[in-house]
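Below is one structure; the comments refer to it alone.
Structure, rendered in structure tokens:
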């Protein structure tokens, strides 16, 4: 045990060593912060859609995985539920990032969870940015998600809260809930209501103005019944405007081409994963012949690979059907026209929540600019197709009943 001055010297050495460690740690953090401000990748597990460049320090796009990421963002915009997107990704046999470290250690992907999917949809890397605390810097890597899609997803995630889109109550049947945004500041516009003398008054209010003060945004609020009726009238007018109907068909055809490309890329990715697993299976089977091979561990891994390939085979079969359907189906202008023309006659027969569903099949986004006094609509191409298919199925069912 140290004595007197020896004890003091020993304590000073310990304190100095601790001080050195703190200085080294702080310098390391400074280097990481400096690198991030320059948009560099500073290490860790790469996200789905990217690989680490061979020289390190930056991310490069993994094209097949990037196609999956784009599909996940599109799925969220369509289904508006993080758990639903996670379930669909798992049903397709997709997993989180699978990669191999520089040391050769394999890091297999895992099934998606709600929390992981929420983090993926919030990951600014996909928009081409690098985060450092609350600050964001332009990254050196290529963006996978375009700005419009990124902004729409973030606004919808904010509107749905931390549940990521779990179905919320819409007791007043607000037609534009979750799809209306402020044209002045870009924030979501929230549906609110007040009650006076047993009468309910409904409004749409800019979230930024509501949270940060009315002076922060000129849009403020608008009467819910008034703007809902305006949007509804615009949608009904689509069925009477030949030029607008032709534009809708053109957008649907473009969306179909994009969807076919996405399916083809997904099939290519799964195909390559199946081939890699088959190669690994062959290597593992060959290694069983070696006396010193850990047979139990190899058998466990072989079982995992077989199950993964079985799930992949089921998804490949589904993709082949979807790709075939894309090739065989045409975006029929007459069918789309029927769907739009039928919107007005069936509207009065619908229950309130069914009205919300039908309107939001046709409209993807409503932008209201209170300062300019303008309203613009962004059509939901896939939703219009779904509505057209519903109308076609209903017509076929009715014809079948008549034939009986």
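In the working numbering, the protein residues as written are 50 to 453. Every residue gets a Cβ at the ideal spot worked out from N, C-alpha and C, and that includes glycine. Computed from a predicted model, the values in this text were never measured in an experiment.
- Item | CA nearest to the CA of residue 359, picked from 118, 99, 142, 103 | In the chain shown, counting from the first residue as 1, residue 359 sits at position 310. The residue with the shortest Cα to Cα distance from residue 359 is 142.
- Pick helix, strand or coil for residue 108, following the three-state DSSP scheme. Along the chain shown, one-based indexing puts residue 108 at 59. Reduced to three states, the DSSP call for residue 108 is strand.
- Return the residue from the list 424, 111, 326 that minimises the CA-CA distance to residue 415. For the purposes of this step, residue 415 is taken as residue 366 along the chain shown, with counting starting at 1. Minimum Cα distance to residue 415 is reached at 424.
- Query: Which term fits residue 250, buried or exposed, when burial requires 16 or more other beta carbons within 10 angstroms of its beta carbon?
  - Reply: Against the chain shown, residue 250 aligns to sequence position 201. So residue 250 ends up on the exposed side.
- Assuming residue 199 and residue 176 make a contact with CB atoms under 8 Å, what is their CB distance in whole Å? Here residue 199 is taken as the residue at index 150 of the chain shown, counted from 1. Here residue 176 is taken as the residue at index 127 of the chain shown, counted from 1. That pair is a contact at about 4 Å.
- Item | Selected residue, minimal CA-CA separation from residue 231, among 223, 305, 259, 246 | Position 182 of the chain shown, counted from the start, is the residue given in the question as residue 231. Per the Cα distances, 259.
- Buried or exposed (CB count within 10 angstroms, at least 16 for buried), residue 420: Residue numbering aside, residue 420 sits at position 371 when the chain shown is read from its first letter. That one is exposed.
- What residues in its chain sit with their C-beta under 8 Å from that of residue 135, if we drop five residues either side in the sequence? Walking along the chain shown from the start, residue 135 turns up at place 86. Taken in chain order, the residues that qualify are 161, 162, 163, 165, 166.
- Message: At the level of alpha carbons, what is the spacing between residue 93 and residue 206?
- Response: The residue you call residue 93 lines up with position 44 of the chain shown. The residue you call residue 206 lines up with position 157 of the chain shown. Each residue's alpha carbon lies about 26 Å from the other.
- Task: With distances taken Cα to Cα, identify the nearest neighbour of residue 274 among 393, 240, 286.
- Result: Here residue 274 refers to the residue found at position 225 when the chain shown is read from its first residue. Looking at 393, 240, 286, the one whose alpha-carbon comes closest to that of residue 274 is 240.
- Proximity below 8 Å, CB of residue 133 to CB of residue 121: In the chain shown, residue 133 corresponds to position 84, counting from 1. In the chain shown, residue 121 corresponds to position 72, counting from 1. The Cβ-Cβ distance between residue 133 and residue 121 does not fall below 8 Å.
- Query: If you draw a straight line from the alpha carbon of residue 119 to that of residue 331, how long is it in whole angstroms?
  - Reply: Taking the first residue of the chain shown as position 1, residue 119 is located at position 70. Taking the first residue of the chain shown as position 1, residue 331 is located at position 282. The C-alpha of residue 119 lies about 33 Å from the C-alpha of residue 331.
- Query: Of all the beta strand (DSSP E) runs that stay within the bounds of the stretch 261-317, which reach a length of 3 or more residues?
  - Reply: Taking only runs of at least 3 residues, the beta strand (DSSP E) segments lying wholly in the stretch 261-317 are 270-272.
- Query: When the Cα of residue 223 is compared with those of 254, 236, 180, which residue comes out closest?
  - Reply: Reading the chain shown from its first residue, position 174 is the one you call residue 223. Minimum Cα distance to residue 223 is reached at 254.
- Task: Classify residue 233 as buried or exposed, calling it buried when 16 or more other Cβ atoms lie within 10 Å of its own Cβ.
- Result: Walking along the chain shown from the start, residue 233 turns up at place 184. Residue 233 is buried by the Cβ-count criterion.
- Item | Inter-residue spacing [alpha-carbon to alpha-carbon] between residue 399 and residue 352 | The residue labelled residue 399 in the question sits at position 350 within the chain shown. The residue labelled residue 352 in the question sits at position 303 within the chain shown. Their Cα atoms are separated by approximately 51 Å.
- Query: How many whole angstroms separate the CB atoms of residue 158 and residue 145, which I take to be in contact at a CB cut-off of 8 Å?
  - Reply: As a position in the chain shown, residue 158 is number 109, starting the count at 1. As a position in the chain shown, residue 145 is number 96, starting the count at 1. Yes, residue 158 and residue 145 are in contact; Cβ-Cβ is about 5 Å, under 8 Å.
- If I'm right that residue 238 touches residue 256 with Cβ under 8 Å, what's the distance once you round it to whole angstroms? Taking the chain shown and counting its residues from 1, the one referred to as residue 238 is at position 189. Taking the chain shown and counting its residues from 1, the one referred to as residue 256 is at position 207. About 7 Å separates the beta carbon of residue 238 from that of residue 256, a gap short enough to meet the 8 Å contact definition.
- Query: When DSSP labels each residue in this structure, what does residue 233 get in the three-state scheme?
  - Reply: Residue 233 sits at position 184 when you count from the first residue of the chain shown. Coil.
- Within its chain, find whatever has a CB closer than 7 Å to the CB of residue 329; leave out the 5 residues flanking it on each side and keep chain order. By one-based count along the chain shown, residue 329 stands at place 280. Annotation for residue 329: 354 place their beta carbon closer than 7 Å to its own, counting only its chain and skipping 5 residues before and after.
- Message: DSSP has residue 427 in a bridge; who is on the other side?
- Response: Working through the chain shown from its first residue, we reach residue 427 at position 378. Partner(s): 414.
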